[in-house]
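Some notes on the structure that comes next.
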Amino acid sequence: MSNLEDLYREIILDHYRSPRNRGELPTPPAHQVEGFNPLCGDEITVYIEVNDGVLQDIKIAGHGCSISQSSASLMSAAVKGKPVADVHATIDSFKRLMTVHESQLDDQVEPEPVDLRKLGELAALQGVVKFPVRIKCATLAWNTLTQGLSELNA
Amino acid sequence: MSSYDAQRVRADVPLLRRVIDGHPITYLDSASTALTPRPVIEAMSRYYETRHANVHRGVYTTAEEATASYEGARVAAGVFINARHPAEEIVFTKNTTESFNLLAKSWGRANLTSGDVIVLSEMEHHANLIPWFQLRDEIGFTIRFLPVGDDFRLDLGSLDELLQGAKLLSVSAMSNVLGTINPVAELAAAAHAAGAMIAVDAAQSVAHGVTDVQETDVDFLCFSAHKMMGPTGIGVFYAKREIIADMPPFLGGGGMIADVRLDGYTPAKGVERFEAGTPMIAEAVGLHAALRYLDNLGMSAIAEHERALTADALGRLRERFDGRVRVIGPADVHLRGGVLSLDVVGVHPHDVAQVLDQHGVCVRPGHHCAKPLMRRFSLPATARASFGAYSLTSDTDVLLDGLDHVLELFG
Chain V
627 MSNLEDLYRE
637 IILDHYRSPR
647 NRGELPTPPA
657 HQVEGFNPLC
667 GDEITVYIEV
677 NDGVLQDIKI
687 AGHGCSISQS
697 SASLMSAAVK
707 GKPVADVHAT
717 IDSFKRLMTV
727 HESQLDDQVE
737 PEPVDLRKLG
747 ELAALQGVVK
757 FPVRIKCATL
767 AWNTLTQGLS
777 ELNA
Chain U
8 MSSYDAQRVR
18 ADVPLLRRVI
28 DGHPITYLDS
38 ASTALTPRPV
48 IEAMSRYYET
58 RHANVHRGVY
68 TTAEEATASY
78 EGARVAAGVF
88 INARHPAEEI
98 VFTKNTTESF
108 NLLAKSWGRA
118 NLTSGDVIVL
128 SEMEHHANLI
138 PWFQLRDEIG
148 FTIRFLPVGD
158 DFRLDLGSLD
168 ELLQGAKLLS
178 VSAMSNVLGT
188 INPVAELAAA
198 AHAAGAMIAV
208 DAAQSVAHGV
218 TDVQETDVDF
228 LCFSAHKMMG
238 PTGIGVFYAK
248 REIIADMPPF
258 LGGGGMIADV
268 RLDGYTPAKG
278 VERFEAGTPM
288 IAEAVGLHAA
298 LRYLDNLGMS
308 AIAEHERALT
318 ADALGRLRER
328 FDGRVRVIGP
338 ADVHLRGGVL
348 SLDVVGVHPH
358 DVAQVLDQHG
368 VCVRPGHHCA
378 KPLMRRFSLP
388 ATARASFGAY
398 SLTSDTDVLL
408 DGLDHVLELF
418 G
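So the protein sequences, as listed, match chains V and U.
Counting in our numbering, the final residue of the first sequence is number 780, and the numbers go up one at a time with none missing.
Counting in our numbering, the final residue of the second sequence is number 418, and the numbers go up one at a time with none missing.
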């Protein structure tokens, strides 16, 4: 059993208490996409505005637990203003961070380690993998963003 | 509560000896599933070790014994809810959910047409919603909903109006979210006066008080063994003999037939026509042992024990947290069971449950398979603590200390 402090890092609690980029964007020009976690009733709406290959603006609405809310807030801060290609790279790194344990269980080839320095504040969420039930909470915003980008073919 | 000895029940439940991260387990999730006492585990092991055989087939000794055990469990389940004809009114299913599917897809499909009306309530568990939605989408009847008031009780003001022209009223005896105990006898009388039948979801109530289908005059009753200290994998469907006699079969296969030809089949006459394939024999034996165990404790004594625990917990939650922790459900312990849906103001139930887990406390966060009800009270979810026959006030002590920690971390 892991320590609660691994899960509820100060950065996470900070983003939960003061979420960044919270709100809505007018649609259009922004694109709106919704995500649900049917298990716990968490709901999230991600608004994104993509221009010339750059994710110019992002806003997050909805409700959920501290992990899903702080992950959404950290995500918004990490991807806002970034070229879409970089956004995809960040999404990939984050999802790998969330699946580290599963692939290690498989006895497969060691996956390429995630460079935590590149992830910056997002690395605070790495404690979540020790609480498998909460991985769905942490990835909700990311899966919703992925869906939004794919709907825009971005 | 004086003669009731919850400590003795605890001693019978091996799982209560688990230690979680250095803390002895504090199990407060009996509304999800009740822990299993040793007599139930042993009865199932003994069955497998001494007389396991398929039922209703062989003529050899163990096959006869297995059949007698299985049919004995059926009668015991009927007697437990005071069915008038225990051997002819009980069908074994997988769980409460399958019992409702049997009700909807056998009785419902045979008796409901597009112009018909059935009445459910806003506090129903998904088991008493989805099978009706599925059937409605197929047939096209109307579903009306009995509302839940701000006092967390069914609002009976519109009951007679809602029941006009209805063929069925299907409601839970106790809400798995609010703990509210519904007036089943009164609901049954109103349904019958309107010419409707009544089905009762007893999943949450059956292990926490007396169930009497004759006294309350209930037509259908559904419950699961695992919520009453029995095994998972077996549930009960009850219907009055005169009603069940006309119900068409549900699942098809071996065991439910009188005759099979290449051009068709004739279903069996008795309740076995609802039990296709090899049934859950060991689970029926386990259920029988659980019923015996509960009978020995006494259902009234269990109800009284849990009422005292609930009153104590409600009082201490109010005093200690002064509005920072709300209980979503009736305040009067005579109107509710030992299900405490907690809303820790400003903290998501997932986080509440996660912190409580660090104290060895098992509560359930989520919508409790009652999403319409959660919407009714504008809550995404709650953290639910629930008592069982083995619960003690010391369980509440640990819960309250854990809630202090929650507020310290997130407050």
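We put the beta carbon where it would ideally sit given N, CA and C, even for glycine.
At a beta-carbon threshold of 9 Å, the residues of chain V lying near U:H357 are C666, D668, G690, C691, S692, I693, S694, V759, R760 and C763, ordered along the chain. A distance below 7 Å separates the beta carbons of U:C229 and U:S106. Contact check for U:A265 and U:P255: beta-carbon distance about 14 Å, past the 8 Å limit, so the pair fails to qualify. For U:G305 and U:G85, the gap between their C-alpha atoms comes out near 17 Å.
The closest CA to that of U:L410, considering only U:D329, U:N102 and U:L298, is found on U:D329. The C-beta distance from U:A289 to U:Y34 rounds to 24 Å, too long to meet the 8 Å contact threshold.
The C-alpha of U:S177 is placed about 41 Å away from the C-alpha of U:V26.
For U:C229, the enclosing beta strand (DSSP E) has its first and last residue at F227 to S231. U:F281 is classed as buried because its beta carbon has at least 16 other beta carbons within 10 Å across all chains shown. At a cut-off of 7 Å, the C-beta of U:Q14 has no neighbouring C-beta in chain V. With at least 16 other beta carbons inside 10 angstroms of its own, U:F159 counts as buried. Of all residues in the region 629 to 657 of chain V, those with a C-beta nearer than 9 Å to a C-beta of chain U are N629, L630, L633, Y634, L639, Y642 and R643, reading in chain order.
Proximity of chain V to U:G373 at the Cβ level (cut-off 7 Å) is accounted for by L665, C666 and G667, in chain order. In the pairwise beta carbon analysis, the region 346 to 360 of chain U is classified as touching the region 383 to 396 of chain U: at least three pairs are separated by under 8 Å. DSSP places U:H341 within a helical segment (H, G or I) once states are collapsed to three. Taking 7 Å as the cut-off, the Cβ atoms of U:D358 and V:C691 count as close. U:I188 carries a strand assignment under DSSP once its states are collapsed to helix, strand and coil. Taking the Cα of U:V207 as reference, the smallest distance to any Cα among U:T103, U:G115, U:I309 and U:M263 is reached at U:T103.
A Cβ of chain V is located within less than 7 Å of the beta carbon of U:P387.
Where U:V413 is concerned, there is no enclosing beta strand (DSSP E), although the alpha helix (DSSP H) around it starts and stops at T400 to F417. For chain V, none of the residues of the region 249 to 266 of chain U brings a beta carbon within less than 8 Å of one of its beta carbons. Annotated as distal: U:A388 and V:G661, with beta-carbon spacing of 7 Å or more. Sixteen is the threshold: when 16 or more other Cβ atoms of the shown chains lie within 10 Å of the Cβ of U:D36, as they do, the residue is buried.
Under the three-state reduction of DSSP, V:H657 is assigned to strand.
Of the other Cβ atoms in all chains shown, fewer than 16 fall within 10 Å of the Cβ of U:E49; this residue is therefore exposed. The beta-carbon of U:Q365 is placed less than 7 Å from the nearest beta-carbon of chain V. Boundaries of the alpha helix (DSSP H) around U:H357: P356 to D364. DSSP places V:N677 inside the beta strand (DSSP E), whose first and last residues are D668 to N677.
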